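K.L.:
So that we are looking at the same thing, I have put the structure below in structure tokens.
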Amino acid sequence: MSDVPSLVPFREKAKLLDAEAVRRALVRIAHEIVERNKGTDGLALIGICTRGAVLAKRIAEEISAIERQAIQVGALDITLYRDDLSRIAPNPIVQATEISFDITDLRLVLIDDVLFTGRTVRAALDALTDLGRPRSIQLAVLIDRGHRELPIRADYVGKNVPTSVNERVEVRLREPDGRDEVVIEERDAS
Amino acid sequence: MSDAVITKDAPATAQWTKKDLLGLRELSAEEIRLLLTTAESFREISLRPIKKVPALRGKTIVNLFFEPSTRTRTSFELAAKRLSADLINVSASTSSIAKGETILDTIKNLEAMKVDIVVIRHAVAGVPHAIARHACASVVNAGDGSHEHPTQALLDLMTIQEKKGQIQGLRVSIIGDIAHSRVARSNIWGLTKLGASVMVCGPPTLVPPQIAECGVRVSWDVREAIRDADVLMLLRIQHERQEAALVPSLREYRQRYGIDTERLKDAKPGVLIMHPGPINRGVELDSAVADGPHSVILDQVTNGLAVRMATLYHVSGAAKLEGMEP
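Going line by line, the protein sequences match chains A and B.
Residue numbering for the first sequence follows the working numbering, starting at 1 and increasing by one per position.
Residue numbering for the second sequence follows the working numbering, starting at 1 and increasing by one per position.
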């Protein structure tokens, strides 16, 4: 979910992570997931569309390399569970949820690019509950920018970034965007 | 498995801004693709243990059917329920329309009860369009006379895309009662907009020559329609819409235009057999073909549900856009 939907032009204020820093953060998160869960038994990763799903695939590759064992990955679209659907128009584009395994009794790690208000994660938790009854759900994010509006906290964080509500954190990834980087943008006052 | 995720299809860039879905003639290729992409995303919901998402929670939908229907009505009903909307079925025979109330009055009364979407089927062409101009609620055309049946064409397009990978460049033959068929007309608009080459075929009494103006080729010879076709779309001979005897007999129709395994020998190996239902078995389509390996008739029904979910989802969003939400 984009952070601040707006037609006001934004301009880049600072680069938070370059491609190498993104890679290192994901490698560290992969190690932390394996350590905390004592391996990969009964573990699966669920990425929130679009960029969380890309990150989930990358973290899964790292975990497979560390543990020499493949780990299941799924993509979750939370659009239909958004709490602002009755307020926004036109309705946002829905992408496919692709989880080809039963999540019941699995330990899931939910993965997204940016943790902000927590509303996306709330929607994702509701969506997952409709798909089955996982044993537990943990949360991994590349960027935690604060300003939570719901009681939600990440278990694994790539980078904590203090931001103002008016700023926007843009995560760009090779697959959809051509390059890996995280930038912070502010409203163009001019 | 993990390769199957995400960026496979670039998300459609178009936005849906129309309050109503009245026909495919009014839609751009981009808008049609957006509905198809959304429908593909919705297909997975029907495979879940809990086949329901909260997207249209609190919305009210009325099915207003002035003509008999099983497939379309139940499909819209299930679509509404899987999106968590509330749905009411009104059929003409049991409503005040039987007492002489005008359709517009019926709609205005339904709106007074804060209905969000009206799904309407009527024997007269243009009725959904007329209602859409006067109603604040979204109007979805579920078939108007011989004019359009947009969700049927969308589910046909979705099925072709699913089975053939694309629509651009395919040859599609529509065979049967073209003159009375709203399914044919909506499909002609949709298929030609997405780049397919369309041929219509049937007895001269059931194929109006002016149909060529829609950008299709016309043939009266079913062998020509079968040869080179990637998709054969059979239509039902509609007894109820024929005042005069336009076909000498069903037996003769079957002999000249019916599809059986013998005729299918001249078709391409991967040809798709489609039919909007209900099938007159042994007339336009032999049972061996209808239930055979080329038939995707039941896939059409499955996709119909997803297409109707996508339609309800998008018109409901656009109604907010116009600030016309009742």
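The beta-carbon is built from N, C-alpha and C at its ideal position, and this holds for glycine as well.
Remember, it's a predicted structure, so these values are computed and weren't measured experimentally.
State the CB to CB distance for the pair asparagine 166 of chain A and arginine 187 of chain A, rounded to an integer number of angstroms; the pair is presumed to be in contact (CB under 8 Å).
P.N.:
The Cβ separation is near 6 Å, so the contact holds.
K.L.:
In this structure, does DSSP put threonine 60 of chain B in helix, strand or coil?
P.N.:
In the structure shown, threonine 60 of chain B sits in a strand (DSSP, three-state: E or B).
K.L.:
Express the C-alpha separation of arginine 182 of chain B and arginine 48 of chain B in angstroms, rounding to a whole number.
P.N.:
Cα-Cα distance, rounded: 33 Å.
K.L.:
When DSSP labels each residue in this structure, what does glutamate 325 of chain B get in the three-state scheme?
P.N.:
Only weak support exists for where glutamate 325 of chain B lies, its pLDDT of 43 falling under 50; the value from the coordinates is given anyway. If DSSP states are grouped into helix, strand and coil, glutamate 325 of chain B belongs with coil.
K.L.:
Can you list, in chain order, the residues of its chain whose CB lies under 8 Å from that of serine 46 of chain B, leaving out five sequence neighbours each side?
P.N.:
Excluding sequence neighbours, serine 46 of chain B sits near Arg82, Thr302, Leu305 and Ala306.
K.L.:
Report, in whole angstroms, the separation of the C-beta atoms of proline 128 of chain B and histidine 122 of chain B, which I expect to be a contact under 8 Å.
P.N.:
Correct: roughly 7 Å between the Cβ atoms.
K.L.:
State the Cα-Cα distance for the pair cysteine 201 of chain B and isoleucine 273 of chain B, rounded to the nearest angstrom.
P.N.:
Spanning the two alpha carbons is a distance of roughly 15 Å.
K.L.:
Could you name the residues of chain A that threonine 17 of chain B contacts, counting a contact when the two beta carbons are closer than 8 Å?
P.N.:
Going along chain A in sequence order, the residues near threonine 17 of chain B (Cβ under 8 Å) are Pro90.
K.L.:
Under a CB-based cut-off of 8 Å, is histidine 314 of chain B close to chain A?
P.N.:
Cβ-Cβ to chain A under 8 Å: yes for histidine 314 of chain B.
K.L.:
Whole angstroms is fine: what's the gap from asparagine 187 of chain B's alpha carbon to glycine 158 of chain A's?
P.N.:
For asparagine 187 of chain B and glycine 158 of chain A, the distance between alpha carbons rounds to 50 Å.
K.L.:
Ignoring anything shorter than 4 residues, give me the alpha helix (DSSP H) runs that lie fully in the region 66-107 of chain B, in order along the chain.
P.N.:
Complete alpha helix (DSSP H) runs here, min 4: 71-82.
K.L.:
For the alpha helix (DSSP H) that contains alanine 127 of chain A, what are its first and last residues?
P.N.:
Start and end: 119-131.
K.L.:
Tell me, please, whether the CB atom of leucine 321 of chain B is closer than 8 Å to any CB atom in chain A?
P.N.:
Yes, leucine 321 of chain B lies at the interface with chain A (some Cβ there is under 8 Å from its Cβ).
K.L.:
How far does the alpha helix (DSSP H) with tyrosine 257 of chain B in it reach, from first residue to last?
P.N.:
Where tyrosine 257 of chain B is concerned, the enclosing alpha helix (DSSP H) stretches over 250-257.
K.L.:
For a contact meaning CB atoms closer than 9 Å, what does leucine 131 of chain A contact in chain B?
P.N.:
Within chain B, the residues near leucine 131 of chain A are Arg48, Pro49 and Ile50.
K.L.:
When DSSP builds the beta bridges, which residues end up paired with glutamate 185 of chain A?
P.N.:
Note: glutamate 185 of chain A sits in a beta bridge opposite A/Glu12 and A/Arg168.
K.L.:
Cβ of threonine 38 of chain B less than 8 Å from any chain A Cβ?
P.N.:
Cβ-Cβ to chain A under 8 Å: yes for threonine 38 of chain B.
K.L.:
Label alanine 267 of chain B either buried or exposed according to how many other C-beta atoms from any shown protein chain fall within 10 Å of its C-beta, with 16 as the threshold for buried.
P.N.:
It counts as buried.
K.L.:
At the 8 Å Cβ level, is glutamine 95 of chain A part of the contact set with chain B, yes or no?
P.N.:
Yes, glutamine 95 of chain A lies at the interface with chain B (some Cβ there is under 8 Å from its Cβ).
K.L.:
Is there contact between the region 120-127 of chain A and the region 64-84 of chain A, where contact requires at least three CB pairs shorter than 8 Å?
P.N.:
The answer is yes - the region 64-84 of chain A touches the region 120-127 of chain A, with three or more Cβ pairs under 8 Å.
K.L.:
Quick one: does phenylalanine 76 of chain B have its CB under 8 Å from some CB of chain A?
P.N.:
Not an interface residue.
K.L.:
Select from A/Ser86, A/Leu110, A/Glu62 and A/Pro176 the residue whose C-alpha is nearest the C-alpha of glutamine 138 of chain A.
P.N.:
For the residues A/Ser86, A/Leu110, A/Glu62 and A/Pro176, the minimum Cα distance to glutamine 138 of chain A belongs to A/Leu110.
K.L.:
Would you tell me roughly how many angstroms separate the C-alpha atoms of leucine 34 of chain B and glutamate 175 of chain A, rounded to the nearest one?
P.N.:
Their backbone Cα atoms lie some 22 Å apart in a straight line.
K.L.:
Spatial neighbours of asparagine 22 of chain A within its chain, please: CB distance less than 6 Å, with the 5 preceding and 5 following residues excluded, ordered by chain position.
P.N.:
According to the sequence shown, residue 22 of chain A is valine rather than asparagine. Cβ neighbours of valine 22 of chain A beyond the five flanking positions: Asp180.
K.L.:
Alanine 130 of chain B to leucine 24 of chain B, Cα distance in whole Å?
P.N.:
Straight-line Cα distance between these residues: approximately 16 Å.
K.L.:
DSSP three-state label for proline 228 of chain B, please.
P.N.:
Strictly speaking, residue 228 of chain B in this sequence is aspartate, with proline absent from that position. It is coil, neither helix nor strand.
K.L.:
Is threonine 102 of chain B buried or exposed, if buried means 16 or more other CB atoms sit within 10 Å of its CB?
P.N.:
Exposed.
K.L.:
With 7 Å as the C-beta to C-beta threshold (strictly closer), list the residues of the region 79-94 of chain B near chain A in chain order.
P.N.:
Residues passing the 7 Å Cβ filter: none.
K.L.:
Would you call the region 86-104 of chain B in contact with the region 157-170 of chain B, where contact means no fewer than 3 C-beta pairs closer than 8 Å?
P.N.:
Cβ pair count under 8 Å is below three, so no.
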